[in-house]
Amino acid sequence: MNIYQHTQQVIDTVRKKTNRVLLFYSCGKDSIALLHWCAKNFSEVVCVFMYFVKDLEHINKFINFSKKQYPNISFIQRPHYALTYINKSGLFCTPQNTRILKLSDIIQSVRIETQIEYVFLGMKQSDSMNRRIMLRQYEMQAISPTNLVYPFSLWKDKDVLRYISNNRLPKPIQYSNKKSNGITFDLDVYLYLREHYPNDLQKILDVYPLSEKILFDYDQKNKNTKGTIQAK
């Protein structure tokens with residue numbers, strides 16, 4: 192059985208029980224490809240997007256494309272659970288007295304709101320040793336006892352990128368040549384946004400103004416380096 196047959200078998204197993212599913216969508220390669228699979232196989236797909244800062248132009252492009260491409264999908268947006276750690280610790284912001292959330296809390300919330308039980312996620316065994324160990328314990332190495340579904344369990348990154356290319360799907364956002372973890376307080380993300388989507392960068396700085404230090408430190412380091420070279 193190849194990876195495509197395995198993925199279809201996993202989806203068929205879930206489809207025998209329901210025709211409505213939740214899909215956690217991040218604009219990354221795994222969720223772009225997984226949405227294509229799910230939209231073809233289920234009557235209704237509710238995508239859950241967890242945002243770092245809401246309403247960013249370069250993110251909305253993917254969401255709007257998906258809505259036009261797949262008439263049977265919709266989107267729910269929630270603050271990323273990682274923001275509770277950021278806001279509580281006061282990272283680039285004033286510390287807030289907030290309850291720490293986990294992914295499981297977001298999942299439970301959207302399950303209650305939508306009355307949809309099965310949740311599709313794009314994690315793969317090839318992502319890490321921990322995920323490999325976790326996924327191999329599940330039914331078909333893909334369906335957990337709590338109805339979390341990982342159809343790409345057996346895929347590798349190159350398989351996902353090939354699928355995206357073959358099906359002419361949108362290329363995922365790539366902030367740098369390194370493996371992306373989405374929008375974070377990361378220099379590569381800030382440099383990418385400053386060059387390509389300055390309005391999005393400003394929206395982030397409006398919420399986390401102290402994070403401008405990431406770019407300030409980078410610019411100062413480059414300035415000092417150039418000064419040293421010129422002095423020589």
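Count along the sequence shown from 1, add 191, and you get the number used in our numbering.
No residue lacks a Cβ here, since even glycine has one placed at the ideal position from N, Cα and C.
query: Which residues mark the beginning and the end of the beta strand (DSSP E) in which I264 is found?
result: 264-270
- prompt: Is there contact between the stretch 363-383 and the stretch 316-336, where contact requires at least three CB pairs shorter than 8 Å?
  reply: no
Sequence-distant residues of the same chain with beta carbon closer than 7 Å to Y216, five excluded per side: S222, L226, C238, V239, F240
- request: With C238 as the anchor, note down where its alpha helix (DSSP H) starts and where it stops.
  value: It is not in any alpha helix (DSSP H) - C238 instead sits in the beta strand (DSSP E) that spans 235-242.
query: For V244, which option in Q196, I291, T375 has the closest C-alpha, if you only look at C-alpha atoms?
result: T375
Other residues of its chain near E392: CB distance less than 6 Å, five sequence neighbours each side excluded: A small correction: the amino acid at residue 392 is Leu; Glu does not occupy that position in the sequence shown. Same-chain partners within the cutoff: L384, R385.
message: At the level of alpha carbons, what is the spacing between Y409 and L378?
response: 8 Å
field: Beta-carbon proximity list for H271, same chain, < 7 Å, skipping 5 on both sides
entry: M241, Y242, F243
task: Please name the residue, chosen from V310, I291, T289, that lies closest to Q299 on a Cα-to-Cα basis.
output: V310
task: Closer than 6 Å by C-beta to L345: which residues in its own chain qualify, once you throw out the five before and the five after it? Chain order, please.
output: I194, H197
task: Just the C-alpha distance for R269 and I297, rounded to the nearest angstrom, thanks.
output: 8 Å
Bounding residues of the beta strand (DSSP E) (the contiguous stretch that carries Y216): 211-216
Cβ-Cβ separation, N255 to V236 (assumed contact under 8 Å), whole Å: Actually they are not in contact, since the Cβ atoms of V236 and N255 sit about 16 Å apart, beyond 8 Å.
- prompt: When the Cα of L352 is compared with those of I202, K220, Q332, which residue comes out closest?
  reply: K220
field: Contact check, T209 vs M331, beta carbons under 8 Å
entry: no
message: Could you pull the DSSP bridge partners for E330 from this structure?
response: I334
Distance, G281 Cα to D348 Cα: 34 Å
message: Just to confirm the assignment: which complete beta strand (DSSP E) runs, minimum length 3, are found wholly within the stretch 293-370?
response: none
task: Please report how far the alpha carbon of L396 lies from the alpha carbon of L214, in whole angstroms.
output: 29 Å
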